[in-house]
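J.: Sequences listed follow chains A and B, in order.
Here my numbering is used: the first residue of the first sequence is 1, the next is one more, and so on.
Here my numbering is used: the first residue of the second sequence is 1001, the next is one more, and so on.
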Amino acid sequence: MSLQATTWQTVGPFFSIGFSWLYRDNLAGPGVSGERVEIAGRILDGDSKPVPDGIVEIWQANSQGKYAHPDDPQENKAESGFTGYGRIPTDDGGRFRFTTIKPGRVPGPDGKLQAPHLAISVFTRGLLRRLITRIYFPDEPSNTEDFALGLVEAGRRGTLIAKKMEGRAGALEWNVVLQGPGETVFFDV
Amino acid sequence: MSKIPEYRRYIPGTQPPHLHPPYVSSIKRAPLQPLVVLAHTLSEITGPVFGPEIADVKACDLTRQHSGEPLGERIVVSGRVLDENSRPVPHTLVEIWQANAAGRYLHGIDQHNAPLDPNFTGCGHALTDSEGRYRFVTIRPGEYPWGNHHNAWRPAHIHFSLFGPAFATRLVTQMYFQGDPLIPYDPIFNCTDDEKARNRLISQFDWETTIPSQALGYRFDIVLSGRESTPMETHPHGEKS
Chain A
1 MSLQATTWQT VGPFFSIGFS WLYRDNLAGP GVSGERVEIA GRILDGDSKP
51 VPDGIVEIWQ ANSQGKYAHP DDPQENKAES GFTGYGRIPT DDGGRFRFTT
101 IKPGRVPGPD GKLQAPHLAI SVFTRGLLRR LITRIYFPDE PSNTEDFALG
151 LVEAGRRGTL IAKKMEGRAG ALEWNVVLQG PGETVFFDV
Chain B
1001 MSKIPEYRRY IPGTQPPHLH PPYVSSIKRA PLQPLVVLAH TLSEITGPVF
1051 GPEIADVKAC DLTRQHSGEP LGERIVVSGR VLDENSRPVP HTLVEIWQAN
1101 AAGRYLHGID QHNAPLDPNF TGCGHALTDS EGRYRFVTIR PGEYPWGNHH
1151 NAWRPAHIHF SLFGPAFATR LVTQMYFQGD PLIPYDPIFN CTDDEKARNR
1201 LISQFDWETT IPSQALGYRF DIVLSGREST PMETHPHGEK S
């Protein structure tokens, strides 16, 4: 190693002017295969107040468990028209909402498959670095064997798993609690 | 897939903590529980890819996005995006946003009593070239007061957002200007312990990129996490062998 990575700095309060040109809240265009899901939630701070100046970024595989990236060797599973990237701002009530497809299982450590998940970055004023977390899916049998969920103490695991919304097929709720009771599990990546 | 060429973890002290009380906004937003260390998998060593179609010429010249010229001092901000192994990071997205010459952002919640500039939006984006180089033309942003503490002023700065090749290499940072007297007093600049790491956020005046009769040049090189030199065996508990 010859150089040291540049240090992070907060996005500050005005970063939506720099991020808004790339907002994408629908990751699954008309031709994209897979089970459609709509995921909605809120970002809350340590006083349980909504965070109106937050942005969530999504990174995910397609329904076959293939990432649209040259370092994913599973070429036979590629699907044109699916980038796997989303960027969604919160509104005045701290709410965000996006539509996507449930990803397939992707390889994990030791040759085991991971449970379907979305990789999430959370940005807000006040965060000196992004926060990294994951969204898993409810009623998914493979959650019990997922290596990342297995790293998390059982009592906090639920913060990573979206909940079904009553009476609305394909609608899921997932919230980000930045601090305090019910604090979301964040990862060091 | 038991072997993944992981990206390097940050060196302790060279990155800010999540909680830094002198920056007041961090107090109610920083997580209090320890982060869970996650071994890199295909989810972390891949990341969004953006093609050349998203970067039009106007996006990298912030002085030509309106019918007239913005007020202030024209500058060229350029540099290279490298990884920790000194390899260029080609074709990666760089986004910037900033205040105008008077220290005002074009944002509804910026209530600073300074004028907006109808000819300046203050944001741009570009892809690095095959050698990892980027270049923006813009105006030098003004310093501005903020509510963090009594008589708090932010030094002049430009925000940068980069993706790099992977989810693990994402970076958002701020670029400062050599000689700005406000830098030593800024709790955001000072949130990183390591002095050398902090000082690498300060761009350097550069004759080579200065355009005669047009614009002063400032150079700001950015380093993203690089690959471990040899692929590491990964274990399910997030530890490396």
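Every residue gets a Cβ at the ideal spot worked out from N, C-alpha and C, and that includes glycine.
All figures in this text were calculated on a predicted structure; none of them were measured in a lab.
Do we get a CB-CB distance below 8 Å when we pair Ile1011(B) with the residues of chain A?
T.: By this cut-off, Ile1011(B) is an interface position.
J.: Cutting at 7 Å between CB atoms, please list the residues of its own chain near Asp92(A), excluding the five before and the five after it.
T.: Cβ neighbours of Asp92(A) beyond the five flanking positions: Pro52.
J.: When you compare the region 139 to 157 of chain A with the region 75 to 94 of chain A, are there three or more beta-carbon pairs, one atom per stretch, that lie closer than 8 Å?
T.: These segments do not touch.
J.: So which residues of chain B does Val185(A) contact, with C-beta pairs closer than 8 Å?
T.: Simply Gln1033, Val1036.
J.: Give me the chain B residues within the contact set of Gly126(A), using Cβ-Cβ distance strictly less than 9 Å, ordered along the chain.
T.: Result: Tyr1023, Val1024, Ser1025, Ser1026, Ile1027, Lys1028, Arg1029, Ala1030.
J.: How big is the Cα-Cα spacing for Ala68(A) and Asp1129(B)?
T.: When rounded, the distance between both Cα atoms is 21 Å.
J.: So, at 6 Å on beta carbons, what are the nonlocal neighbours of His1237(B) in its own chain, with the 5 sequence-adjacent residues on each side left out?
T.: A caution first: His1237(B) carries a pLDDT of 43, below 50, which makes its placement in the model too unreliable to give a value.
J.: So that I know if they touch, is there some Cβ in chain C lying closer than 8 Å to that of Trp174(A)?
T.: Going by chain labels, chain C is absent from the structure shown, which instead holds the protein chains A and B.
J.: With DSSP as the reference, label Pro89(A) as helix, strand or coil.
T.: Of the three classes helix, strand and coil, the one that applies to Pro89(A) here is strand, per DSSP.
J.: Please report whether the beta-carbon of Gly1122(B) lies at a distance below 8 Å from any beta-carbon of chain A.
T.: True, the Cβ-Cβ gap to chain A drops below 8 Å.
J.: Suppose you measure from the CA of Asn1100(B) to the CA of Pro50(A); what does that come to, to the nearest Å?
T.: The straight-line gap from Cα to Cα measures roughly 29 Å.
J.: Could you tell me which residues DSSP puts in a beta bridge with Thr1092(B)?
T.: Partner(s): none; Thr1092(B) has no beta bridge.
J.: Taking Cβ to Cβ, would you say Val1137(B) is nearer than 8 Å to Leu1062(B)?
T.: It is a contact, given that the beta carbons lie within the stated cut-off.
J.: Leaving out five residues before and five after His1125(B) in sequence, what residues of the same chain have Cβ atoms less than 8 Å from its Cβ?
T.: Cβ neighbours of His1125(B) beyond the five flanking positions: Ile1054, Ala1055, Ala1059, Cys1060, Leu1093, Val1094, Glu1095, Ile1096.
J.: So what does Ala1215(B) bridge to, in DSSP terms?
T.: The partner list for Ala1215(B) (beta bridge, DSSP) reads Ile1211(B).
J.: In the DSSP assignment, find the unbroken beta strand (DSSP E) run with Leu1042(B) in it and report its ends.
T.: Premise fails: Leu1042(B) lies in the alpha helix (DSSP H), 1042 to 1045, not in any beta strand (DSSP E).
J.: Does the CB of Asn1148(B) have a neighbour CB from chain A at under 8 Å?
T.: Closer than 8 Å: no.
J.: Does any residue of chain B bring its CB to less than 8 Å from the CB of Asp92(A)?
T.: Closer than 8 Å: no.
J.: When you compare each of Thr1209(B), Asp1110(B), Ser1225(B), Leu1038(B) to Gly1164(B) by their alpha carbons, which one comes out closest?
T.: Residue Ser1225(B) is the option with its Cα nearest to Gly1164(B).
J.: Return the bridge partner residues of Pro1021(B) from the DSSP annotation.
T.: BP columns for Pro1021(B) are empty, so no partner.
J.: Would Arg10(A) pass as a contact of Ile1188(B) if the rule is Cβ separation under 8 Å?
T.: Here the sequence assigns Thr to residue 10(A), which means Arg is not the residue at that position. It is a contact, given that the beta carbons lie within the stated cut-off.
J.: Determine the contact status of Ala1076(B) and Leu1082(B), defining contact as a CB-CB distance below 8 Å.
T.: Before going on, a small fix: residue 1076(B) reads as Val here, not Ala. The answer is no: Cβ separation not under 8 Å.
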